[in-house]
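Here's the structure we're looking at; comments come further down.
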Amino acid sequence: MKRLWLLPVALLAACGGQPSGAVRFMGGPRIRSADPDNRAAESYCLTCGTKAYIGISKCPNGKCQQKLTWSETYPCGFCGATGDCRACRVLDQAGSACFNCKGTGVITYEGRTPQCPQCKGTGKCGICAGSGKCDLCKGNKKLTKTEVEELVKKLDKKGGEEAKP
Ligand SMILES: [Zn+2]
Ligand SMILES: [Zn+2]
Ligand SMILES: [Zn+2]
Ligand SMILES: [Zn+2]
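0 is the number of the first residue of the sequence shown in numbering that gives the first Met the number 0; add one for each residue after it.
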């Protein structure tokens, strides 16, 4: 019978306290629509700093072997957890209107009005499409563990380690 009541106690212990795994965000933010999306994330052991894939239960560093726990949500590192579109703020785009054409969708020069290349004629911010919200966290100010994992995978594809300056 002992095991039956020991299990819930163990689960409670695992849930308490600060997570021992942490995440740092890299790259970005995107300001103009032509900017490449190089945003990624790296997850690591908070105790020794060794890179540890988000969600794993033990630090891969043989000397550390810290038991790792992970938070379910992370403050979005690309909008400073404000949920606001960085491009709109940096370019001072009032009402999330395209900075290049002032929301008209066209550029006027020498009597001609070609489509604005920045917003492709929409007149809206090329990053948030006029919502004014961070295009990554969608204005939620935080990212879920699953969303962060996608960013971690992106960094791994690029060869992770070399992202250090
Ligand atoms: Zn460690
Ligand atoms: Zn915007
Ligand atoms: Zn425009
Ligand atoms: Zn965000």
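Each residue gets a CB set at the ideal place from its N, CA and C atoms; glycine is no exception.
Where does residue i sit, in a helix, a strand or coil, going by DSSP?
i    : result
L142 : strand
K152 : helix
Within the present structure, is the beta-carbon of residue i separated from the nearest heavy atom of ligand 1 by less than 8 Å?
i   : result
A21 : no
G16 : no
A39 : no
G48 : yes
For a test of your reading of the model: does the CB of residue i fall under 8 Å from any non-hydrogen atom of ligand 4? Yes or no.
i    : result
G129 : no
E104 : The question names Glu, but residue 104 is Gly in the sequence shown. No, the Cβ of G104 stays beyond 8 Å of every heavy atom of ligand 4.
C75  : yes
C133 : yes
L142 : yes
Return the Cβ separation of residue i and residue j in integer angstroms, given the expectation that the two are a contact with Cβ distance under 8 Å.
i    : j    : result
I106 : C97  : That pair is no contact at about 10 Å.
A51  : L150 : With a Cβ gap of about 15 Å, A51 and L150 do not count as contacting.
L142 : C75  : 5 Å
G27  : S42  : No, G27 and S42 are not in contact; Cβ-Cβ is about 17 Å, not under 8 Å.
What's the gap between the Cα of residue i and the Cα of residue j?
i    : j    : result
C127 : R85  : 9 Å
K62  : G16  : 23 Å
S70  : Q114 : 45 Å
K132 : K140 : 9 Å
G79  : K66  : 29 Å
V22  : T46  : 13 Å
I55  : R31  : 36 Å
M25  : C124 : 23 Å
T81  : N37  : 20 Å
Q92  : E146 : 27 Å
S130 : E109 : 32 Å
T103 : D155 : 41 Å
T49  : P18  : 15 Å
P35  : K153 : 13 Å
T112 : G120 : 11 Å
Y73  : D83  : 16 Å
C14  : Q117 : Only weak support is given to the placement of C14: the predicted model assigns it a pLDDT of 49, under 50, and the question is left unresolved by the model.
Could you tell me whether any non-hydrogen atom of ligand 2 is closer than 8 Å to the CB of residue i?
i    : result
C84  : yes
Q92  : yes
C115 : no
Report yes if the C-beta of residue i is less than 8 Å from at least one heavy atom of ligand 3; otherwise report no.
i    : result
C97  : yes
C118 : yes
T121 : yes
Length-filtered (3 minimum) beta strand (DSSP E) runs lying within the segment 12-95:
20-25, 39-44 and 72-74
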